[in-house]
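A.B. asks:
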Amino acid sequence: MNLPHRLFFLLALTSLAACGSKDPAAAEADAPAADEEEAAVKPRALVTIGTVQTDTLTDVLRLSAVSAFPAKDALRATTTGYVLTPTPVVGQQVRPGQTVFTIQTKESKTLHLDKLTGDPRLKFSGIIPIKSARSGILATVDKLAGDYVQDGEQLGLTYDKSRFGFVLDVPVTQLRYVHTGQSCRIFLPDGRVLNGRVAEVLPTADVSIQTQRYTIRPTGAVPDLPENLAVQVEIDRTAPHLASTLPRGAVLTDETQTEFWVMRLLNDSTAVKVPVTVGAQEKDHIEIKQPRFSPKDKILLSGNFGLDDTAAVKVTRPAAAEPE
């Protein structure tokens, strides 16, 4: 190869090397610019923050119960005959020894013995009173005036109002928290709250759902309530104690409610996921047992749902503006 050709070849190699290489310093200078551009377009979640609070909590067992009148008396016919007027009505109050139903025997009705009043020796008129054994409320009326009844047939049912209560089924896993004589609170569907106590335990258990049945009796004035009314009963499992709490909206959980976590503010614009162990759960607050957050830790109160483990956020309200 002659000299001109050799010089041309060297110049071509130099040009190719210059085109294929890039200054490392220039590459490093361009990288932060790209990252800043990406961060600028990445959206940030709008959140509010707050801190843990110290509240007095009580671990409460909440169960469903049904109103009931456990003491019932069946009014039965003592002879074969016909029911006479007047017929009692459901809800009517009865006294001990009060005549609730009246039956006329079929012989009396055929011979009209109830109308024979001239012969003093005739002591049997065929009119048989059916009386209440104790005071109570007439729950059912099974026979009306003119109905023909057999001896022993049920005419109606009364219940003892003084023994009104609620039937409570307690899961066997919670039996250690319930005992006779224990006080409780009864929440009626209309918002009224009655004080009550656990009266007695029934010696049977439901095999299918594994529950133990208790009776709950109100301890104060009892309003007129029907039977089979569904209510909520609260029984304290622990004594009142001081606990660190967060608003319910700050605590997140999975679909099975077996894992719980909160989003803690790491710096002004980043929040991280922190697993927590919860305790007593009130209507608006949840006890945080672990970890122990300090009063300086900022916890996301809203805007936290669906955030990743490390998420870009923008605080829209400081902790001092946290709602009560």
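Just so you know, the sequence shown maps onto residues -17 to -1, 1 to 307 in mature numbering (1 follows the signal peptide of the UniProt record, and there is no 0).
Using N, Cα and C, we set each Cβ at its ideal position, and we do this for glycine too.
Determine the contact status of residue 40 and residue 222, defining contact as a CB-CB distance below 8 Å.
C.D. replies: Contact: no.
A.B. asks: What is the rounded straight-line gap between the Cα of residue 58 and the Cα of residue 87?
C.D. replies: Spanning the two alpha carbons is a distance of roughly 16 Å.
A.B. asks: By Cβ distance below 7 Å, which residues in the same chain neighbour residue 150 in space, the five residues on each side in sequence not counted?
C.D. replies: So the qualifying residues of the chain are 48, 49, 51, 196, 198.
A.B. asks: Mapping the DSSP letters down to three states, classify residue 238 as helix, strand or coil.
C.D. replies: Assigned with DSSP and collapsed to three states, residue 238 falls in coil, not helix or strand.
A.B. asks: Using only the alpha-carbon positions, how far apart do residue 183 and residue 161 sit?
C.D. replies: Residue 183 and residue 161 have their C-alpha atoms spaced approximately 11 Å apart.
A.B. asks: Counting only the same chain and skipping the five closest in sequence on each side, list residues whose C-beta sits under 7 Å from that of residue 292.
C.D. replies: Only residues of its own chain outside the window of five on either side were considered, and among them 255, 256 have a CB closer than 7 Å to the CB of residue 292, listed in chain order.
A.B. asks: Residue 262 and residue 272 - do their beta-carbons sit closer together than 8 Å?
C.D. replies: yes
A.B. asks: When the Cα atoms are used, what is the spatial distance from residue 66 to residue 136?
C.D. replies: 12 Å
A.B. asks: Please say whether residue 169 and residue 201 have beta carbons closer to each other than 8 Å?
C.D. replies: Result yes, Cβ atoms of residue 201 and residue 169 sit closer than 8 Å.
A.B. asks: Tell me whether residue 268 is buried or exposed, calling it buried when 16 or more other Cβ atoms sit within 10 Å of its Cβ.
C.D. replies: buried
A.B. asks: Mapping DSSP to helix, strand and coil, what is residue 285?
C.D. replies: strand
A.B. asks: Considering only residues of the same chain and omitting the five flanking positions on each side of residue 69, which have a CB-CB separation below 8 Å?
C.D. replies: 128
A.B. asks: Check for me: the alpha helix (DSSP H) holding residue 90 runs from which residue to which?
C.D. replies: 89 to 94
A.B. asks: Given this structure, state the Cα-to-Cα distance separating residue 64 from residue 166, to the nearest angstrom.
C.D. replies: Those two C-alpha atoms are separated by around 50 Å.
A.B. asks: Is the beta carbon of residue 180 within less than 7 Å of some heavy atom of the ligand COA?
C.D. replies: The ligand COA is not part of the structure shown, which contains no ligands of any sort.
A.B. asks: In chain order, what residues of the same chain have a beta carbon less than 6 Å from the beta carbon of residue 116, not counting five sequence neighbours either side?
C.D. replies: 56
A.B. asks: Taking the C-alpha atoms as reference points, what is the distance between residue 93 and residue 211?
C.D. replies: 44 Å
A.B. asks: Return the CA-CA distance between residue 119 and residue 193, expressed in angstroms with no decimal places.
C.D. replies: Distance between the alpha carbons of residue 119 and residue 193 is about 34 Å.
A.B. asks: So who's on the other strand from residue 112, going by DSSP bridges?
C.D. replies: 85
A.B. asks: According to DSSP, is residue 227 helix, strand or coil?
C.D. replies: strand
A.B. asks: Looking only at its own chain, which residues have a Cβ that is under 6 Å from the Cβ of residue 177, when we skip the five neighbours before and after it?
C.D. replies: 169, 201
A.B. asks: Considering residue 243, what are the terminal residues of the beta strand (DSSP E) in which it resides?
C.D. replies: 243 to 250
A.B. asks: Express the C-alpha separation of residue 112 and residue 78 in angstroms, rounding to a whole number.
C.D. replies: The straight-line gap from Cα to Cα measures roughly 14 Å.
A.B. asks: Locate the beta strand (DSSP E) running through residue 270, then write down its first and last residues.
C.D. replies: First-last of the beta strand (DSSP E) with residue 270: 268 to 273.
A.B. asks: Where does the unbroken beta strand (DSSP E) through residue 136 begin, and where does it stop?
C.D. replies: Taken as a continuous stretch (DSSP letters only), residue 136 belongs to no beta strand (DSSP E), as it is neither H nor E.
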